[in-house]
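So the protein lines, in turn, are chains B and E. If you read the first sequence in our numbering, its first letter stands for residue 1, the second for the next number, and so on. If you read the second sequence in our numbering, its first letter stands for residue 107, the second for the next number, and so on. Right, one structure below, let's go through it.
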Amino acid sequence: MVRMWFLVVFMILSNACAHVDESNAEKLSAQRAIESAASAYAESQEAGHAWRAARLYLEAARGALERGEYALAVAEADRSLQVAQASLTQARVETEVWEANFPAKR
Amino acid sequence: MRYLLMFVTLLGMGFAAADPEADREGLRDFYAKRFPSTPLGDHKDGVYAIDADAREQWLEMEDFPPYEIALDEGREAYQTPFASGASYSDCFGDGAVKHRYPHFDEASGQVVTLEIAVNECRTANGESALDYSSTELINVVAFMAYESRDQLVAVAAPQSAEARAAYQQGKRFYSSRRGQLNFACSSCHVQLAGNRLRAEKLSASLGHVTHWPVYRLKWQEVGGLHKRFQECNSQVGAEPFALQSAEYRNLEYFLSYLSNGLELNGPATRK
Numbered sequence: 001m002v003r004m005w006f007l008v009v010f011m012i013l014s015n016a017c018a019h020v021d022e023s024n025a026e027k028l029s030a031q032r033a034i035e036s037a038a039s040a041y042a043e044s045q046e047a048g049h050a051w052r053a054a055r056l057y058l059e060a061a062r063g064a065l066e067r068g069e070y071a072l073a074v075a076e077a078d079r080s081l082q083v084a085q086a087s088l089t090q091a092r093v094e095t096e097v098w099e100a101n102f103p104a105k106r
Numbered sequence: 107m108r109y110l111l112m113f114v115t116l117l118g119m120g121f122a123a124a125d126p127e128a129d130r131e132g133l134r135d136f137y138a139k140r141f142p143s144t145p146l147g148d149h150k151d152g153v154y155a156i157d158a159d160a161r162e163q164w165l166e167m168e169d170f171p172p173y174e175i176a177l178d179e180g181r182e183a184y185q186t187p188f189a190s191g192a193s194y195s196d197c198f199g200d201g202a203v204k205h206r207y208p209h210f211d212e213a214s215g216q217v218v219t220l221e222i223a224v225n226e227c228r229t230a231n232g233e234s235a236l237d238y239s240s241t242e243l244i245n246v247v248a249f250m251a252y253e254s255r256d257q258l259v260a261v262a263a264p265q266s267a268e269a270r271a272a273y274q275q276g277k278r279f280y281s282s283r284r285g286q287l288n289f290a291c292s293s294c295h296v297q298l299a300g301n302r303l304r305a306e307k308l309s310a311s312l313g314h315v316t317h318w319p320v321y322r323l324k325w326q327e328v329g330g331l332h333k334r335f336q337e338c339n340s341q342v343g344a345e346p347f348a349l350q351s352a353e354y355r356n357l358e359y360f361l362s363y364l365s366n367g368l369e370l371n372g373p374a375t376r377k
């Protein structure tokens, strides 16, 4: 009877630990996604081509992380990253083509 | 080594390509062809030079202009002595100086707008600098704009390498697409000038600086040119820069040079 109780307690504890590990992994994953997105956004600011949407998605990701909604945090951070990468592409392209947008003297 | 680095930096900024007078002539030619029935000088009225219906409404608004309170308060602030006994008139005389702003200050190596100059006048006389979005600063500038009416924009051509670089950065800002909508200033005000964006006709950039500060119905208050820059950037999904940031001061410098020779007619009312 004692052995059986010991087994039950062991199973409950190991299950709880597995859940904590899983939750920590999700949290870490969300933190990393946010770091990547924040870094890309900072780079776009440095280039003078930051987009508002990248900041808004990043803020949404941080909010989701605080609330413990890690899957949502990852999704929002990924969106922010994609938008920031698009803005960096714009910054690179404009470096080469901006002069064509101004009428030259004929 | 320092000079070599400076040379490379200036080259990178497009110093070699900067030709302000060619830019001004190029833009004037472009608008002369785009709006053949509008004399170039009329662009001082912004979109009301090319939209007859909107012009009528605007002229009616000018009978009782909503910027009058700002003007009165600006006049009072301008004439009130600082604690030191000096006043704005010790820095700017009668205030009719707007046509010479912005200019490139060789000593500080940056573009000085009228708002910056007003704050420099204050700090030089022992007063604290005003926030660039403050009502008092906007009102003082509105009064100075009023006193400067009918003067012709006379922004000095950039002479030094640093001044040309600032001008060129302004031109680059104006011509670079930004924001999620991928619009440059020139997309609306050159390529699409005269076309409609929803219900609004897009104005020419010639004359964009002549009438500030402006009472904008949308804002329900008088605001400065940089506030409008911020609004434009936000509208295309870009992060706006700070009021009086180097980006916006260089842009104002570039736009003002293009409007050289046009009459000042600020403050004004806009939708």
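All C-beta atoms, glycine included, are put in the ideal place defined by N, C-alpha and C.
Once the 5 residues before and after L117 of chain E are set aside, which same chain residues still bring their CB inside 6 Å of it? Within the second sequence, residue 117 of chain E is the residue found at index 11, counting from 1. Any reading at L117 of chain E must be qualified, since the residue scores a pLDDT of 46, below 50, and its modelled position is unreliable; the value itself is stated next. Answer for L117 of chain E: no residue qualifies.
Which partner residues of R302 of chain E appear in the DSSP bridge assignment? Translated into the one-based positions of the second sequence, residue 302 of chain E becomes position 196. Answer is E:K307.
Contact set for V74 of chain B: own chain, Cβ-Cβ below 7 Å, skip 5 residues either direction: By 1-based counting over the first sequence, the position of residue 74 of chain B is 74. S29, A30 and A33, listed in sequence order.
Spatial neighbours of A124 of chain E within its chain, please: C-beta separation below 8 Å, excluding the five flanking residues on both sides. Counting from 1 along the second sequence, the entry for residue 124 of chain E is found at position 18. So the list reads P264, R270, A271, Y273, Q274 and K277, once near-sequence residues are dropped.
Give the interface partners of A53 of chain B over in chain E, defined as CB-CB distance under 8 Å, in chain order. Position 53 of the first sequence, counted from the first residue, corresponds to residue 53 of chain B. Within 8 Å Cβ-Cβ: Q286 and G343.
Using 8 Å for Cβ pairs, my map puts L312 of chain E next to L364 of chain E. What's the rounded Cβ distance? On the second sequence, residue 312 of chain E is found 206 positions in, with the first residue counted as 1. On the second sequence, residue 364 of chain E is found 258 positions in, with the first residue counted as 1. About 6 Å; that satisfies the 8 Å criterion.
Under a Cβ-count criterion, where at least 16 other Cβ atoms within 10 Å of its own Cβ denotes burial, should D159 of chain E be classed as buried or exposed? Counting from one through the second sequence, the residue named residue 159 of chain E turns up at place 53. By the neighbour-count criterion, in which a residue is buried when 16 or more other Cβ atoms sit within 10 angstroms of its Cβ, D159 of chain E is exposed.
Keeping to the same chain, check which residues put their C-beta closer than 7 Å to that of E179 of chain E; ignore five residues upstream and five downstream. Residue numbering aside, residue 179 of chain E sits at position 73 when the second sequence is read from its first letter. Correct list, in chain order: N245.
For the stretch 227 to 234 of chain E against the stretch 280 to 289 of chain E, are there 3 or more C-beta pairs whose distance is under 8 Å? Short answer: they don't touch.
Between the Cα of V83 of chain B and the Cα atoms of B:S23, B:E22, B:W5 and B:Q45, which residue gives the shortest distance? Within the first sequence, the letter at position 83 stands for residue 83 of chain B. Comparing Cα-Cα distances from V83 of chain B to each of B:S23, B:E22, B:W5 and B:Q45, the minimum goes to B:Q45.
Beta-carbon of A104 of chain B versus every beta-carbon of chain E: anything under 7 Å? Start at 1 with the first residue of the first sequence, and residue 104 of chain B comes out as number 104. Yes, because at least one Cβ of chain E sits closer than 7 Å to the Cβ of A104 of chain B.
For S282 of chain E, which residues of its own chain have a beta-carbon under 7 Å away from its beta-carbon, when the five flanking residues on both sides are left out? Walking along the second sequence from the start, residue 282 of chain E turns up at place 176. For S282 of chain E, where only same-chain residues beyond five positions count, the Cβ hits under 7 Å are A290.
Supposed contact pair L58 of chain B and Y70 of chain B - C-beta distance, whole angstroms, cut 8 Å: Translated into the one-based positions of the first sequence, residue 70 of chain B becomes position 70. Translated into the one-based positions of the first sequence, residue 58 of chain B becomes position 58. Contact doesn't hold; Cβ gap of about 15 Å is too wide.
Segment limits, beta strand (DSSP E) that includes A374 of chain E: Taking the first residue of the second sequence as position 1, residue 374 of chain E is located at position 268. Element bounds for A374 of chain E: A374 to R376.
Comparing the C-beta of E59 of chain B with each C-beta of chain E, is any distance below 7 Å? Here residue 59 of chain B refers to the residue found at position 59 of the first sequence. It does not: the Cβ of E59 of chain B has no partner Cβ on chain E nearer than 7 Å.
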